[in-house]
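A.B. asks: In mature numbering (1 follows the signal peptide of the UniProt record, and there is no 0), the protein residues as written are -21 to -1, 1 to 495.
We treat Cβ as the ideally placed atom computed from N, Cα and C, and that holds for glycine.
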């Protein structure tokens, strides 16, 4: 008996020496009811399996936001992670996006101890999608009980009904400013956005930081706790989906102490992430602050570094919010950025955005590696409401606050005495649209007199009304590039018709009668 015990001990000792000599340690999975073990390499402290329908899958990208690794033939990944909160899988195109509590869940939370952490991802197979739709929200921005009431009662019901009417696979993305500097409201946001029935990815905005924390790396902790990593990637169809954090937050001088910047850490991560994406794929990037704007010099400070990383891909669509109005910028022949109006509108004043667009959301449609359709629509309006026409009288307005005298703060703009003009606002217009106007029974003629007029309804709602007292930051958009001005040929005209055609073949019309 004693000899047998010594024999067993010797065997165990040899096995232990062999293990030490190989610098491998058996690690038990941190997942409940799992018997899987992985022998980690020297220095590695996060390991795991990626399986698809229970079978190991090689070549799957896994990252903690710094390291980017791929699984081997056994479906294993390993990395050395320092101080990272999450590890996430860049879900392959032939797998379903994991859903937990109706939200995308492509990440797991790391809790570091002296032991190696094992985090497994068990994905479900599906055929790669040839078509899908993307419900796009920007600036939901709830900050108090009244905001929540209006979101719940006025907005989300309509958005949800429309989302549920969409056919085919539908995903969502929310482009930041999810809350209004109140991190405790993340659960309320999740409760409301999941009403759509659409799994909605998240992007962080400036108001999603905790203004009481005066640095960039910790002020987003509540966001990360509620919604996961602030940047990540996955694959849907022939599109590589990327979310980035382009807010460099300080907060030292108040909640608005931040800059539009993509950290070098993110750019380094993105370069490694894109190394596993074929150039014939298209890239969709969600950010909060627009990386660029066609009609002004405002932009993310290091946007060129971002463009350089993606310039060789088939097509790149950047989606952003932040400004509470609509505009589109062509950055390169294959790179375009679309900035969308806000779900909250102009800081919950009325039902419009700062540029006169209705508060609302957008839908994008994809087929293969192409964007085949895109439209913005108001949450309170029909999809066909894409144009507003202001006839003489409506097209003139007072400048200034309530009870202030008539004035014009912009000397270059015509005064309010110009009574014969017609103003046209084509909410989601870009330079590749065609806008035409017809006066009475005349011929359709191109409307090219594009100008940076303020939208009259935005002025009435935001500047010349008592609502300004509640939301002093809600100002009419001065840099509004989708306004057109027309001077009727016949002062006795009866009807003005406007027709706008977008690059996807959607045709929208609006008519207005003479104010007499």
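Near residue 262, what residues of its chain come up, given a Cβ to Cβ distance below 6 Å and the 5 sequence neighbours on each side ignored?
C.D. replies: Counting only Cβ-Cβ distances below 6 Å, and skipping sequence neighbours, we find 219, 289, 292, 295.
A.B. asks: I need the straight-line Cα distance from residue 280 to residue 224, nearest angstrom please.
C.D. replies: If you take the alpha carbons of residue 280 and residue 224, they lie about 13 Å apart.
A.B. asks: Taking the straight line between their C-alpha atoms, what separation do you get for residue 468 and residue 424?
C.D. replies: Roughly 12 Å separates the two Cα atoms.
A.B. asks: Could you spell out where the alpha helix (DSSP H) holding residue 261 opens and where it closes?
C.D. replies: First-last for residue 261: 261 to 265, but that is the beta strand (DSSP E), not the alpha helix (DSSP H).
A.B. asks: Pull up the DSSP beta-bridge partners for residue 104, would you.
C.D. replies: Bridge partners of residue 104: 74.
A.B. asks: Using CA atoms only, rank isn't needed, just tell me which of 348, 87, 98 is closest to residue 205.
C.D. replies: The shortest Cα separation from residue 205 among 348, 87, 98 belongs to 87.
A.B. asks: Can you give the Cα-Cα distance for residue 8 and residue 27, rounded to whole angstroms?
C.D. replies: In this predicted model, residue 8 has a pLDDT of only 38, less than 50, meaning its place in the structure is not dependable enough to derive any value.
A.B. asks: Pull up the DSSP beta-bridge partners for residue 357, would you.
C.D. replies: Residue 357 is bridged to 339.
A.B. asks: Let me check you understand the geometry: is the CB of residue 40 closer than 8 Å to at least one non-hydrogen atom of the ligand ATP?
C.D. replies: In the structure shown, the ligand ATP is absent, as is every other ligand, since no ligand is present at all.
A.B. asks: Count the C-beta pairs between the region 75 to 90 and the region 112 to 128 that are closer than 8 Å, then say yes if the count reaches three, no if not.
C.D. replies: Contact between the region 75 to 90 and the region 112 to 128 is absent, because fewer than three Cβ pairs lie under 8 Å.
A.B. asks: I'd like the list of long-range same chain contacts for residue 153, defined as Cβ closer than 6 Å, with 5 residues on each side in sequence excluded.
C.D. replies: Only 116, 179, 181 meet the Cβ criterion.
A.B. asks: Distance check for residue 136 and residue 177, CA to CA, integer angstroms please.
C.D. replies: Approximately 13 Å between the Cα atoms of the pair.
A.B. asks: From which residue to which residue does the alpha helix (DSSP H) around residue 167 run?
C.D. replies: Looking at the DSSP string, the run of the alpha helix (DSSP H) that includes residue 167 is 165 to 172.
A.B. asks: Where residue 488 and residue 475 are concerned, what is the direct C-alpha to C-alpha distance, given to the nearest angstrom?
C.D. replies: For residue 488 and residue 475, the distance between alpha carbons rounds to 11 Å.
A.B. asks: Taking the straight line between their C-alpha atoms, what separation do you get for residue 43 and residue 103?
C.D. replies: Cα-Cα distance, rounded: 21 Å.
A.B. asks: With which residues is residue 197 paired in a DSSP beta bridge?
C.D. replies: Paired residue(s): none; residue 197 is not in a bridge.
A.B. asks: To which residues of the same chain is residue 360 closer than 7 Å at the C-beta, ignoring the five residues directly before and after it?
C.D. replies: Closer than 7 Å at the Cβ level, and outside the excluded window around residue 360, lie 337.
A.B. asks: Does DSSP put residue 467 in a helix, a strand or coil?
C.D. replies: Coil, per DSSP.
A.B. asks: Are three or more beta carbon pairs between the region 78 to 87 and the region 268 to 275 nearer than 8 Å?
C.D. replies: Counting Cβ pairs under 8 Å, fewer than three are found: no touch.
A.B. asks: If you count every other CB in all the chains shown that lies within 10 Å of the CB of residue 494, and 16 or more means buried, which is it?
C.D. replies: So residue 494 counts as exposed.
A.B. asks: Sort 174, 175, 197, 105 by Cα distance to residue 64 and report the nearest one.
C.D. replies: Checking every option, the nearest Cα to that of residue 64 belongs to 197.
A.B. asks: Exposed or buried, residue 330, counting other C-beta atoms within 10 Å across all chains shown (16 or more means buried)?
C.D. replies: By the neighbour-count rule (16 or more Cβ atoms within 10 Å), residue 330 is buried.
A.B. asks: Compute the Euclidean distance between the alpha carbons of residue 217 and residue 48, then round it to the nearest angstrom.
C.D. replies: Rounded to whole angstroms, residue 217 to residue 48 spans 21 Å at the Cα level.
A.B. asks: Just tell me which of 372, 257, 303, 316 has its CA closest to the CA of residue 285.
C.D. replies: It is 316 whose Cα lies nearest to the Cα of residue 285.
A.B. asks: Considering only residues of the same chain and omitting the five flanking positions on each side of residue 246, which have a CB-CB separation below 6 Å?
C.D. replies: For residue 246, where only same-chain residues beyond five positions count, the Cβ hits under 6 Å are 284.
A.B. asks: Could you tell me whether the Cβ atoms of residue 167 and residue 127 are closer together than 9 Å?
C.D. replies: In contact: residue 167 and residue 127 (Cβ atoms closer than 9 Å).
A.B. asks: In the DSSP assignment, find the unbroken alpha helix (DSSP H) run with residue 299 in it and report its ends.
C.D. replies: Where residue 299 is concerned, there is no enclosing alpha helix (DSSP H), although the beta strand (DSSP E) it sits in stretches over 295 to 299.
A.B. asks: Rounded to the nearest angstrom, what separates residue 353 and residue 231 at their Cα positions?
C.D. replies: Taking the straight line from one Cα to the other gives about 39 Å.
A.B. asks: With a CB to CB cut of under 6 Å and the five nearest residues on each side skipped, what residues in its chain are close to residue 404?
C.D. replies: 335, 367, 434, 462.
A.B. asks: Between 110, 207, 75, which lies nearest to residue 496 when the distance is taken from Cα to Cα?
C.D. replies: Nothing in the structure corresponds to residue 496, since the chain is present only between -21 and 495.
A.B. asks: Looking at residue 479: is its Cβ nearer than 9 Å to the Cβ of residue 412?
C.D. replies: For residue 479 and residue 412, yes; Cβs fall inside 9 Å.
A.B. asks: For the alpha helix (DSSP H) containing residue 128, name the first residue and the last one.
C.D. replies: Where residue 128 is concerned, the enclosing alpha helix (DSSP H) stretches over 124 to 129.
A.B. asks: Enumerate in chain order the residues of its own chain whose CB-to-CB distance from residue 213 is below 7 Å, with the five nearest sequence positions on each side excluded.
C.D. replies: So the list reads 69, 70, 76, 85, 220, once near-sequence residues are dropped.
A.B. asks: Sorted by chain position, which residues of the same chain lie with C-beta nearer than 7 Å to residue 383's C-beta, five sequence neighbours on each side aside?
C.D. replies: Because residue 383 carries a pLDDT of 43, less than 50, the predicted location of this residue cannot be relied on, and no value is offered for it.
A.B. asks: Over the uninterrupted alpha helix (DSSP H) stretch that includes residue 138, give me the two end residues.
C.D. replies: Residue 138 -> alpha helix (DSSP H) spans 135 to 144.
A.B. asks: Could you check if residue 486 is buried or exposed, using at least 16 other CB atoms within 10 Å of its CB as the buried criterion?
C.D. replies: Per the 10 Å Cβ criterion, exposed.
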